[in-house]
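What follows is a short report on a single structure.
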Amino acid sequence: MATSGILRPLAVIAGVGNATGTGAATARLLSKHGYSVALIARGAGSLRDLADEIKDTGGEAEPFPIPEYSPEAISDAFSAIRNKFPSPSTGVNGRPLRVAIFNAAQGVFKPFLDVTPQDVRETLEVNVTTAFTFARESILDFKKNDIADGKRGTIIFTGATAALRGNVMTSVFAAGKHGQRALSQSLAKEFGKDNIHVAHTIIDGQILTDRTRSYNDGASNWETNADVRLSPESIASAYLYLVNQDRSAWTWELDLRPAHEKW
Ligand SMILES: NC(=O)c1ccc[n+]([C@@H]2O[C@H](COP(=O)([O-])OP(=O)(O)OC[C@H]3O[C@@H](n4cnc5c(N)ncnc54)[C@H](OP(=O)(O)O)[C@@H]3O)[C@@H](O)[C@H]2O)c1
């Protein structure tokens, strides 16, 4: 997406963790490519640090911390984002929302008979209900946009192997990720005719983040061997590719795995 004059397009990213994973890598890359970035996550401190880091490198970023991933919290965050970055028709600081990335996830990994109704409710709340609201708020803004480079906007949902295949210990998580995948496919079909591009990714392997580094502590060269784990920066490059895709050849679903992944 080319930036015209000082009017940068806006990207909203929900799910930034402690800024070592896919959400943060995508925010950094989109900023380098001319986007203002609105960052949504629960950790106010790490969100502020990431926004400051992006600003220090000449970008424009604002943190929008939320107390939890719920429809209400996401709608409140979008209201705050619209106040900070009004649409171009309403103010000189206007930024058209062009990219929305739902990267947040709630994972419960338990044997089925240990799963509680609360586990199910919380997992579906984050992965499905909140994703619905995130998509609704994004699409409402995209629909106000002119078509630029063939689209009004792009939404990307970060999926996982569990979006395609359930497994032992993933009865709840797989239900949430399957639901989000179904949502994304329905949106891709409904809003393609409005030139809104909806994409879903299957991240089929472990991503190198602080969290997965701690699980793999001691595993021989897991961290340094790019054959066996995904790099958040490489996923971010794939997301930028999706954002820039020409409308005559849009991807709905993209699967990404490291070279030596068994699948
Ligand atoms: N890591 C993997 O190996 C892997 C593999 C396949 C798919 N995925 C998918 O990738 C997305 C996450 O990207 P990422 O793994 O690269 O990490 P990330 O960008 O750092 O995002 C982590 C996400 O997980 C949330 N989260 C929930 N519990 C957490 C905890 N205890 N510690 C840290 N974060 C927690 C974070 O919430 P806040 O934003 O509120 O902090 C954030 O939304 C998810 O959709 C996930 O299903 C990950």
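Quick note, in the numbering used here, the sequence shown goes up one by one and the last residue is 426.
No residue lacks a Cβ here, since even glycine has one placed at the ideal position from N, Cα and C.
Remark: the shortest separation between the CB of residue 204 and any heavy atom of ligand 1 falls under 6 angstroms. Taking the Cα of residue 180 as reference, the smallest distance to any Cα among 339, 220, 206 is reached at 206. DSSP links residue 341 through a beta bridge to no other residue. In this structure, the C-beta of residue 395 approaches ligand 1 to less than 6 angstroms from one of its heavy atoms. Annotated three-state conformation of residue 270 is coil, per DSSP. Taking one beta carbon from each stretch, the segment 344-359 and the segment 373-393 have fewer than 3 pairs nearer than 8 angstroms; the two do not touch.
Distance from the C-beta of residue 370 to the nearest heavy atom of ligand 1 is below 6 angstroms. Short of 8 angstroms from the beta carbon of residue 238, and not among the five residues preceding or following it, lie these beta carbons of its own chain, in chain order: 296, 300.
Using a cutoff of 6 angstroms, the CB of residue 262 does not count as near ligand 1, since none of the ligand's heavy atoms is closer than that. The beta carbon of residue 414 sits no closer than 6 angstroms to any heavy atom of ligand 1.
Note that the C-beta distance between residue 174 and residue 203 is not below 7 angstroms.
The beta carbon of residue 257 sits closer than 6 angstroms to those of 249, 250, 251, all from its chain and outside the five residues before and after it, given in chain order. Distance between residue 372 and residue 183, taken at the CA atoms: about 5 angstroms. For the segment 208-264, the continuous beta strand (DSSP E) assignments of 3+ residues that do not extend past its boundaries occur at 223-228, in sequence order. Spatial neighbours of residue 336 in its own chain (CB-CB distance under 7 angstroms, excluding positions within 5 residues in sequence) are listed in chain order as 270, 271, 272, 286, 325. By the neighbour-count criterion, in which 16 or more other beta carbons inside 10 Å mark a residue as buried, residue 410 falls on the exposed side. Rounded to whole angstroms, the separation of the alpha carbons of residue 382 and residue 304 is 45 angstroms.
With a cutoff of 7 angstroms on beta-carbon distance, residue 267 and residue 319 are scored as not near each other.
For residue 417, the enclosing beta strand (DSSP E) has its first and last residue at 416-419. Bridge pairing for residue 314: 311 [DSSP].
For residue 361, the three-state secondary structure derived from DSSP is strand. In the structure shown, residue 329 adopts coil according to DSSP, grouped into three states.
Counting every other CB atom within 10 Å of its CB across the protein chains shown gives residue 186 a total of 16 or more, marking it as buried.
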